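Peer 1: Residue numbers (UniProt numbering): 1 to 183.
For each residue, glycine too, the CB sits at the ideal point set by N, CA and C.
For clarity, every value in this text was computed on a predicted model and none was experimentally measured.
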Amino acid sequence: LNEVEKYLTQTKGIDVSKKLLYAEQYNLTSLKDYCLTVYPRISLFEKLKSSPDYDNFSEKIKADMEAVIEYKSPDTPIDLSKFCPNGMGNVTLIIGEKKLRVSKDYLEIHSPVFEALFFGDFAEKGKEEVEIKDVVYEEFLDVLQLIYLRSLKIRDLMVPHLLKLGDQFQMECVLNLSEKCLI
Numbered sequence: 001l002n003e004v005e006k007y008l009t010q011t012k013g014i015d016v017s018k019k020l021l022y023a024e025q026y027n028l029t030s031l032k033d034y035c036l037t038v039y040p041r042i043s044l045f046e047k048l049k050s051s052p053d054y055d056n057f058s059e060k061i062k063a064d065m066e067a068v069i070e071y072k073s074p075d076t077p078i079d080l081s082k083f084c085p086n087g088m089g090n091v092t093l094i095i096g097e098k099k100l101r102v103s104k105d106y107l108e109i110h111s112p113v114f115e116a117l118f119f120g121d122f123a124e125k126g127k128e129e130v131e132i133k134d135v136v137y138e139e140f141l142d143v144l145q146l147i148y149l150r151s152l153k154i155r156d157l158m159v160p161h162l163l164k165l166g167d168q169f170q171m172e173c174v175l176n177l178s179e180k181c182l183i
């Protein structure tokens, strides 16, 4: 069964609605979680809601889809200027194709990884632009909202990436706030 689940996760020849139906029918939790976290594009789930397969989904899957849609479409857009108040941004992070101006000092207070990156003996020291690899931009925004604004309502779907990034950047406050959601 693990090989089948792995195949379904990796194949592009089967659409998400079929994958979700298989995940539900055969209790493939990893496949379901993968579909709900890797494919969380609002337009995709809106499209799924109007597909003939939608009626075949359980109420749990439908609720999970609604949670993704609600999470990915915040009531108010994120004001990125809050990540470098009063023009205090002194580094631009490059995450994928997007750039984000932030404060080195504020990040290093919350993360020994960023402290070492910005102020240690690394090539990134002193650079105005630093590429952050293996990070999803929207997920990193969640981390920044937690450490800068403390205003992020942590949802179940966010906990895995918050824990991953909190661990990756050794951000105790992100880990602690995320772990509280698990209790």
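Assign Val4 to buried or exposed, taking buried as 16 or more other Cβ atoms, counted over all protein chains shown, within 10 Å of its Cβ.
Peer 2: Under this definition Val4 is an exposed residue.
Peer 1: Where are the beta strand (DSSP E) runs, 3 residues long or more, that stay fully inside the stretch 85-136, in chain order?
Peer 2: The qualifying runs are 91-95, 98-102 and 129-131.
Peer 1: What do you get for Ile14, buried or exposed, if any count of 16 or more other CB atoms within 10 angstroms of its CB means buried?
Peer 2: Ile14 comes out exposed.
Peer 1: How many Å lie between Leu48 and Phe57 at the Cα?
Peer 2: Straight-line Cα distance between these residues: approximately 10 Å.
Peer 1: Count the CB pairs spanning the stretch 101-112 and the stretch 164-174 that are closer than 8 Å, and state whether there are at least three.
Peer 2: Judged by Cβ distances under 8 Å, the stretch 101-112 makes contact with the stretch 164-174, as three or more pairs qualify.
Peer 1: Compute the distance between the beta-carbons of Leu165 and Val174, then report whether it is under 8 Å.
Peer 2: It is a contact, given that the beta carbons lie within the stated cut-off.
Peer 1: Looking only at C-alpha atoms, which of Leu149, Ile147, Tyr148 and Leu177 sits nearest to Val159?
Peer 2: Of the candidates Leu149, Ile147, Tyr148 and Leu177, the one whose C-alpha sits nearest the C-alpha of Val159 is Leu177.
Peer 1: What's the call for Thr11, buried or exposed, on a 16-neighbour Cβ count within 10 Å?
Peer 2: Thr11 should be labelled exposed.
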